[in-house]
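Scroll down for the structure; my scribbles are underneath it.
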Amino acid sequence: MPPSNSFSIAQPCAGVNTSRQPGDALTAPICDLRLSPPPCTMYATPQREATMSASDKRGQLYLGREYDLKKGAVTDRPILYAARHLTTHAIILGMTGSGKTGLGIILLEEALLQSIPVLVLDPKGDIANLLLTFADLRAEDFAPWVDVEGARRRGVSVEEYAAQEARKWQEGLAQWDISGERIGRLRRAAQFTIFTPGSEAGQPVDVLHFFDAPDLDWEVYEESLRERIGGIVSALLGLVGVEADPLQSPEHILLARIIEHVWRTGQRLDLPTLIRLLQKPPFQQVGVFELETFFPERDRFALARALNNLIAAPGFENWQEGTPLDVGKLLYADGGRPQASIFYLAHLNDAQRAFFITLLLEAVRDWLRGQSGTTDLRALLYFDEVFGYFPPHPANPPTKTPLLALIKQGRAAGLGVVLATQNPADLDYKGLTNAGTWAIGALRAERDKERVLEGLEGAVAEAGATLDRRTLDRALGALKPRVFLLHDIRAGEPVFFHTRWAMSYLRGPLTRKQVRDLMALTPRPPLPIPGEREAEEHPPEPAPLDLSPTPPTLPPDVLQLFLPPTITFEWALRRYEEQAGRPVLVRERHLVYTPYLLALGTVRLLDRKRGVSHQQTVARLVQPSEGLGGVDWDQGQAVVSEDDLSPRPMGEGFYAPVPSTLARPRDLKRLEKDFADYLYHNVSASVWHNPALKLYGTVGESRRDFRVRCEEEARQRRDAELKKARTRFEKQMTRVQEKIRREQRELAEDQEELEARKREELLTLGESALNLLTGRRPSAMLSRASRKRRLTRQAKADVEESLAAIEDLKEQLEDLGAQWEEQAAEINARWAETLEEIETVEITPRRADVTVEFCGLAWVPAWQVTLVDGQHIDLPAREPTAQAK
């Protein structure tokens, strides 16, 4: 069939990540809108098809080409792996020299080209090579990074060796049809950052920020918060060399109880505070045992001293400066650009690596809980050289629990986990069987091959298939470098393939100095300005002299509630002494309840047109002045739970006098109306709005998250329009192609008729010549010959007409292809522009949507202390965050 009969339109955005974050998504497309529209492929050779598939197919990762084991040669068939298949996770296995690291870097390159953000755990420093990409492939680009010892061994200068490496990369990439433009596109696709926890060589990481309580409701997220506390404690104890069982170890249980207590009371927590509370916990009983029985003071002091050594060690400040472990920001920059966040860990010792990896995995778990479900790949977690961090049962390092949880739970939220290691015995069996994709390089040890085959059989059996174990056993022992067996449970039969050439320069593990030099050339994200801790000291107030041991008698219409004390006197005094910088001697102390005005209200923000329905609870706790002066409601912001409130006193204490404003029902009614007016005029919410998409955000939704939703909506509408347009063009092209085939059939018939007419004409001429020689009458024969010539000319005209028709139809086909490209580009650009039309809309309540739940007297406890020198001080008996935010 002629080449012109073949015409294809690339599929738009198949398998793209629908949960992307904003920013580069439409500077790089919804897939990549900076690229040209889906290509029309005409007269494509197999090699060209491989290149176009690798570069242009949406949602497809170009890993290499299929490998023929029998011939020992690379074929022309490209290996395109669906990105969304990584949601069932992947394992890369291979001994040293198998090309395992190169495959991992290629996988990450392709994911980033699809605008999929990645988190990389890099214990050895190999994956940091991702930043060594040079679009121009010049020798001077390679020179700073080549191995100096390698140049010396070859007997050449560094400059000559760099030129050799540049030529090697130019030739290698050319063999795989990868251009400098694609390398440049990789550089623009994401923001690349090397993070160096505990060091300033790269971007430092503030891991101690992770000790702060997350802004979550304990009633709703109790289980998740306890899981996070368990991970923090396991990581911390591992850092000081304590192997602790969360269910049996007194160290683990006590630290977890202390952190939970601090988080529940809303206090800020850092490591120094945790060390002090470990010596004198804010509770005296653990379970049914007294604290001293459960974990004696001398043992608590030993653990506190071990933790204190961490603080005293040189370089400890590097652990509390830098970028916080906020996974949402590690995946996407402030502008919404996908990030390649590489955590370089080669400079840490084993305990420090395990500590950081545990905290990072726990941070990913926290992020995962807040994500909605999706079938597409939202983000990728790549763990290189996972040996020791995910071992088989019964070993249980602190890194294992969160990593196994991510493997089990990541699929539903679009998180792909890729583990790379040399030995399959390094991995827990649950991790092996939960991986949907295996990439297996050369394995020489028989026990390694046996374990791989066992795991593969388990994974294949779960997919309802069978495995030719004997054939794979022979193949795994004979694989060459860069040749892998790829088994994807979603794709059917395993396939052998040869990895493509990496766009990144694979110079080997980077040193800390090289990381520093490399990051000096890379724009770093701004470091957060460290804010001072909220002041917890309350200014002392004059101790009231007219205290009463019982609450005063008030009119029954005056509602009263009591807030319980949550801080013991000893803890409050110790905190005061720390803040004052000196010990104090106490003569007497009293728990005193002071009257406050407490107002609780709810405001419903409802806008059905915009799809907004949000209820906001507002609490104000203020000390009103005497007289009819107004209340400054803005100064009394408070966090008060209904569980904190009681209609009766909770414990013995003394009571201060009640101001007349709080003792008269009519004044309280006036204050209630004033509070309702305050809520009506001051409580509102802003939501994001995209007029072009007619899409509204939700209350509290960040601009980045709203932009992500806009991108998803724009992507869906764009793909639907592209599909519709593609279908229309395909129909037109099919009709033209059918006409071409019909004309070609007619052409064949006309050509056959022409040849027959020519033969008849020759025979007629021959017969006429013979008749002339024999003397017969020529007139009849001449007439017959003339008729044959006329039929021959007619047949020739039919052939020429068919050829002209075919040429015209080919031009029509080419015109349709050009029209499709133009329309696809216009559709891409139009939907990309919609993402710039984001504005805010203010949602205000109606009067009927404002409800005052309570407005009355609240008794707030405090410790009133008289020192031996006669000074009076007041110490808080409740945490400031539970009283006034």
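Just so we're aligned, residue -3 is where the sequence shown starts under my numbering, counting upward by one.
Every residue, glycine too, gets a C-beta built ideally from N, C-alpha and C.
Residue from L675, R508, Y572 and V582 with nearest C-alpha to R600 = L675
Measure the C-alpha to C-alpha separation of A342 and V683 and round it to an integer number of angstroms.
-> 44 Å
Would you tell me roughly how many angstroms separate the C-alpha atoms of F291 and R699, rounded to the nearest one?
-> 49 Å
Determine the contact status of G427 and L411, defining contact as a CB-CB distance below 8 Å.
-> no
For R224, which of L356, T269, T261 and P687 has the nearest alpha-carbon?
-> Checked all of L356, T269, T261 and P687; the closest Cα to R224 is L356.
Measuring alpha carbon to alpha carbon, tell me which of A409, A391 and P210 ends up nearest P320.
-> Answer by Cα proximity: P210.
For A401, which of Q244, T354 and Q867 has the nearest alpha-carbon?
-> If we check each option's Cα against that of A401, T354 comes out closest.
Write down the C-beta distance between K56 and A78 rounded to the nearest angstrom, noting that I regard them as a contact closer than 8 Å.
-> With the sequence shown as reference, residue 56 is identified as Gln, and Lys is not the correct amino acid for it. The Cβ separation is near 6 Å, so the contact holds.
First through last residue of the beta strand (DSSP E) which encompasses S680 = Here S680 belongs to no beta strand (DSSP E), and DSSP marks it neither H nor E.
Spatial neighbours of P579 in its chain, beta-carbon cut-off 7 Å, leaving aside the 5 residues before and after | E573
Which one of N304, L809 and Q860 has the shortest CA to CA distance from Y589?
-> Q860
Could you name the residues that DSSP lists as bridge partners for L327?
-> L327 pairs with nothing; no bridge assigned.
C-alpha gap between L871 and V382, whole angstroms | Between L871 and V382, the alpha-carbon positions lie close to 51 Å from each other.
Thinking R365 and S220 are a contact (beta carbons under 8 Å), I'd like their distance in whole angstroms, please.
-> 6 Å
Cβ-heavy atom distance, L233 to the ligand ADP, below 7 Å = For the structure depicted, the ligand ADP is absent and the ligand set is empty, with no information on it obtainable.
DSSP on S245, reduced to helix/strand/coil?
-> coil
Alpha carbon of I436 to alpha carbon of M515, nearest angstrom | Going by the C-alpha atoms only, they are around 33 Å apart.
Starting from the C-beta of Q281, find all residues in its chain whose C-beta is less than 7 Å away, skip the five residues before and the five after it, and write them out in chain order.
-> L287
Per DSSP, R61 forms a beta bridge with which residues?
-> Beta-bridge pairing by DSSP links R61 to P74 and H494.
Would you say D122 and D380 are within 8 Å of each other, going by their C-beta atoms?
-> Yes, Cβ-Cβ distance for D122 and D380 is below 8 Å.
Give me the Cα-Cα distance between S656 and A672, rounded to the nearest whole angstrom.
-> Between S656 and A672, the C-alpha separation is close to 21 Å.
Within its chain, find whatever has a CB closer than 6 Å to the CB of E648; leave out the 5 residues flanking it on each side and keep chain order.
-> The beta carbon of E648 sits closer than 6 Å to none of the beta carbons in its chain outside the five residues before and after it.
Got a sec? Which residues, its chain only, sit under 6 Å from F896 by beta carbon, not counting five neighbours each side?
-> Outside the modelled stretch of the chain, which goes from -3 to 881, sits residue 896, for which no answer is possible.
Assigned secondary structure, P547 (DSSP; H/G/I helix, E/B strand, else coil) = coil
Give me the Cα-Cα distance between T261 and P591, rounded to the nearest whole angstrom.
-> 22 Å
Residue range of the alpha helix (DSSP H) that T269 falls in?
-> L267 to Q275
Should Q263 be labelled buried (16 or more other beta-carbon atoms within 10 Å of its own) or exposed?
-> buried
F379, DSSP secondary structure in three states | strand
Bridge partners - A435, DSSP secondary structure assignment | I88 and L482
Residue range of the unbroken beta strand (DSSP E) whose run includes V599 = V582 to D603
Beta-carbon proximity list for A498, same chain, < 6 Å, skipping 5 on both sides | G98, I101 and I102
Return the chain-ordered list of same chain residues with a C-beta closer than 6 Å to the C-beta of L594, the five sequence neighbours on each side being excluded.
-> L617 and A854
Pick out whichever of V114, L115 and R181 has its Cα sitting closest to the Cα of T129.
-> The shortest Cα separation from T129 among V114, L115 and R181 belongs to R181.
Segment contact flag, the region 796 to 808 with the region 736 to 747, C-beta cutoff 8 Å, min 3 pairs | yes
Beta-carbon spacing of T495, L805 below 8 Å | no
Would you be able to state if there are at least three C-beta pairs under 8 Å between the region 702 to 722 and the region 819 to 839?
-> Touching, yes.
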